[in-house]
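Read the structure below first, then the notes.
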Amino acid sequence: MSPEAFPAKVGTVSAEKTVSQTVSRSCLDASGNASRFSHGPLRVGIGGPVGSGKTTLTEQLARHLAPRLSMAVITNDIYTREDAEALMRAQVLPQERIRGVETGGCPHTAIREDASINLAAIADLNAAFPGLELILIESGGDNLAATFSPELADLTIYVIDTAAGQDIPRKRGPGLARSDLLVVNKTDLAPHVGVDAELLEADARASRGSRPVVMASLRHGRGVQEIMDFLVREGGLELAPLKAGHEVGHAP
1 MSPEAFPAKV GTVSAEKTVS QTVSRSCLDA SGNASRFSHG PLRVGIGGPV GSGKTTLTEQ
61 LARHLAPRLS MAVITNDIYT REDAEALMRA QVLPQERIRG VETGGCPHTA IREDASINLA
121 AIADLNAAFP GLELILIESG GDNLAATFSP ELADLTIYVI DTAAGQDIPR KRGPGLARSD
181 LLVVNKTDLA PHVGVDAELL EADARASRGS RPVVMASLRH GRGVQEIMDF LVREGGLELA
241 PLKAGHEVGH AP
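Residues in the sequence shown are numbered from 1 upward in steps of one, following the UniProt record's numbering.
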């Protein structure tokens with residue numbers, strides 16, 4: 001599907017659109033967890049370099065969580081809506097619950113310095129789907145310095161790629177070191193790219209102090225449950241039981 005064939009009314013937010021309602025900073029509940037009840041749905045930012053597996057993580061989370069709560073997704077791309085279209089093709093959510101925003105040449109700006117285009121998408125989704133519980137916000141591919149504005153995301157997940165090299169965790173960077181959860185993806189590739197997986201994990205944990213790390217192979221489903229458990233624990237999400245006979249992975 002080409003960008004031109006993608007309906008402008010569904011899944012797109014113009015850069016010129018402004019926020020039509022006030023979206024407050026997130027608050028914490030009594031236990032110190034990010035609370036979706038303070039300003040509407042829990043907002044989770046997913047960042048990481050190009051090719052690290054952000055869209056795969058977004059797809060896996062939608063596949064497993066959509067049958068159990070009300071959720072939506074916002075994807076950020078530089079000049080296309082490719083990630084949004086990929087999620088639609090995967091049929092993990094109804095099309096109307098996916099918004100694709102085009103950030104222009106500096107994708108980090110849209111999640112940090114000027115998050116208005118993403119805040120507009122959040123306002124749009126909240127208006128369209130009262131009772132939303134979770135919005136995943138996938139950033140455009142960027143470097144290790146990219147971080148989310150606290151005005152935009154309640155929790156942040158940063159994804160790095162094992163195949164990018166043994167030294168990636170040691171390079172640190174705000175996204176890698178300060179995100180609420182670090183996901184080291186594609187660990188199954190370690191023996192094929194000359195990476196010592198145990199040392200990679202040790203370096204990742206050393207770079208983050210007490211902040212959690214999940215070693216994952218997202219395309220094969222490894223680590224997805226741990227990430228879901230993190231969102232439930234730290235985000236205060238309440239998951240409904242799966243209905244009998246429901247098949248995970250297809251939009252209702």
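Quick reminder that beta carbons are idealized off the backbone N, C-alpha and C, glycines included.
- For the pair leucine 182 and tyrosine 158, the Cα-to-Cα distance works out to about 5 Å.
- Contact annotation: isoleucine 135 and arginine 99 have beta-carbon atoms that are not nearer than 7 Å.
- When only Cα atoms are considered, valine 92 and methionine 228 end up about 16 Å apart.
- Annotation: the continuous alpha helix (DSSP H) that includes aspartate 124 extends over 116 to 128.
- With a threshold of 16 other beta carbon atoms within 10 Å, lysine 243 falls short and is exposed.
- Taking 7 Å as the cut-off, the beta carbon of alanine 216 is found closer than this to the beta carbon of asparagine 185.
- In the DSSP assignment, glycine 47 is bridged to Tyr158.
- About 19 Å separates the Cβ atoms of arginine 170 and threonine 147, ruling out a contact at the 8 Å cut-off.
- Closest option to histidine 220, judged by alpha-carbon separation, among Leu61, Ala84, Ala123: Leu61.
- Between glycine 104 and the set Asp180, Val44, Glu96, Ile117, the nearest pair of CA atoms involves Ile117.
- With distances taken between CA atoms, glutamate 238 lies nearest to Leu65 out of Gly53, Thr156, Leu65.
- Glutamate 138 is not a Cβ neighbour of alanine 90, given a cutoff of 7 Å.
- For glycine 100, the enclosing beta strand (DSSP E) starts and ends at 98 to 102.
- Isoleucine 137 sits in a strand when the DSSP states are folded into three classes.
- Assigned with DSSP and collapsed to three states, leucine 239 falls in coil, not helix or strand.
- With a threshold of 16 other beta carbon atoms within 10 Å, arginine 233 falls short and is exposed.
- Rounded to whole angstroms, the gap between the alpha carbons of leucine 57 and leucine 176 is 16 Å.
- DSSP places leucine 87 inside the alpha helix (DSSP H), whose first and last residues are 82 to 90.
- For threonine 55, the uninterrupted alpha helix (DSSP H) segment begins and ends at 54 to 65.
- Looking only at Gly165, Val214, His108, the smallest Cα-Cα distance to histidine 192 is reached by Gly165.
- Residue ranges of uninterrupted alpha helix (DSSP H) with 4 or more members, entirely inside the region 169 to 200 and ordered along the chain, are 174 to 178.
- Put simply, of Gln225, Gly40, Leu231 the residue whose alpha carbon is nearest the alpha carbon of isoleucine 122 is Gly40.
- Secondary structure at alanine 153: coil, using DSSP grouped into helix, strand and coil.
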